[in-house]
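Right, one structure below, let's go through it.
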Amino acid sequence: MAALLQLRDFGIPERPDKALRLDGQPLSIVDEETFNAECDSSALTPATGVATVLYNWCPEALLALLDTENWFSFTWTLTINQGEDNETKFEIGRIRQQVTMGILDKEGLWKVMVTYDMTSTEHESTESSWQPNMEETMVDDKNVEDAAEVRRLGVSFVKDMILHRRWLTGKKMRHEFFVESPHIGMDPWEDGMRMNPRWLYESLDLSKCSTCTSAAESHKSLNRCGRCGTAAYCSSACQQRDWPVHKAVCTMSMEDRGKALHYSQHGGLANWRDSIQD
Numbered sequence: 474m475a476a477l478l479q480l481r482d483f484g485i486p487e488r489p490d491k492a493l494r495l496d497g498q499p500l501s502i503v504d505e506e507t508f509n510a511e512c513d514s515s516a517l518t519p520a521t522g523v524a525t526v527l528y529n530w531c532p533e534a535l536l537a538l539l540d541t542e543n544w545f546s547f548t549w550t551l552t553i554n555q556g557e558d559n560e561t562k563f564e565i566g567r568i569r570q571q572v573t574m575g576i577l578d579k580e581g582l583w584k585v586m587v588t589y590d591m592t593s594t595e596h597e598s599t600e601s602s603w604q605p606n607m608e609e610t611m612v613d614d615k616n617v618e619d620a621a622e623v624r625r626l627g628v629s630f631v632k633d634m635i636l637h638r639r640w641l642t643g644k645k646m647r648h649e650f651f652v653e654s655p656h657i658g659m660d661p662w663e664d665g666m667r668m669n670p671r672w673l674y675e676s677l678d679l680s681k682c683s684t685c686t687s688a689a690e691s692h693k694s695l696n697r698c699g700r701c702g703t704a705a706y707c708s709s710a711c712q713q714r715d716w717p718v719h720k721a722v723c724t725m726s727m728e729d730r731g732k733a734l735h736y737s738q739h740g741g742l743a744n745w746r747d748s749i750q751d
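Count the sequence shown with the numbering used here and you get residues 474 to 751, in order.
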């Protein structure tokens, strides 16, 4: 059976003592070392699967899902076969307390869209059990009218994402990450601001490793990204580990990257509102 790893010491920086819960359970992710196509995956839920993908890509991306106070919405995408006829995009996102996951074609049309509500009419907390949303779930252009089918589609989506380790990158593949906050303005026609998730709660600090946060040793400086200069690493292993995240930042336009750096310069994007009030 696939094992679950509880993230006991993982928390929102502004509220470190608050234990995080997801889908009515303590926050957990799948142990990828015990997960394969033949294993018993009965413990896998859409919420646990989403948490697994986001955490393995970048832990702060998972915080964007959980921190509904700071982030009105977030969108995480992975495009594969970029530029080819069979280009496909995988997406995980949240708007307010509604989570959507699924697959889009090259034209940006949903092939599969699965939606859950993080709250219910009985429980307003986003820590309660996820509720299948039939009105916002569809396959191609047909709505799904059965809650059990919504659950099946959700499990199928996250199972495939974990099996293929969609948090990794490769040739003709690119991740993107967007957030919206009422403190920085919102555009109803866009996914939000392109952002490095590592800058949500901390500003860029090139004196420590962008991956493991270790400071440079006295006899050895950190290796800085030679293309954009917005990441530094203590080892090739840390650089490789961060590449799926940094690749999206490194290929941003100068305008988008400059905007992300500007709004996150005072201790991360979450602190922008406080910085302009001082």
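Backbone N, C-alpha and C define an ideal beta-carbon position, used for all residues, glycine too. On a predicted model such as this, the values are computed, not experimentally measured, just so you know.
- A distance below 8 Å between beta-carbons, with the five flanking residues on each side excluded, links Leu626 to the following residues of its chain, in chain order: Val585, Val587, Thr610, Val612 and Val617.
- Under the three-state reduction of DSSP, Gln571 is assigned to strand.
- Partner residues in the beta bridge of Trp583, as assigned by DSSP, are Leu577.
- Within the DSSP secondary-structure output, Lys681 pairs in a beta bridge with Ala688.
- Asn669 sits away from Ser602, with the two beta carbons spaced by 9 Å or more.
- Of the candidates Asp496, Thr525, Leu478 and Met474, Met474 places its Cα closest to the Cα of Glu511.
- For Trp716, the uninterrupted alpha helix (DSSP H) run begins and ends at Ser709 to Cys723, by DSSP.
- For Trp672, the CB contacts under 7 Å within the same chain, skipping 5 residues up- and downstream, are Ala733, Ser737, Gly741 and Leu742 in chain order.
- Closest option to Arg569, judged by alpha-carbon separation, among His637, Leu538, Pro499 and Trp583: Leu538.
- The DSSP-derived three-state label of Val617 is coil.
- Here Gly566 is near Ser546, since their CB atoms are less than 9 Å apart.
- Note on Thr703: 16 or more other CB atoms within 10 angstroms of its CB, so buried under the neighbour-count rule.
- Secondary structure of Asp590 (DSSP, three-state): strand.
- In the three-state DSSP reduction, Leu742 falls in the helix class (H, G or I).
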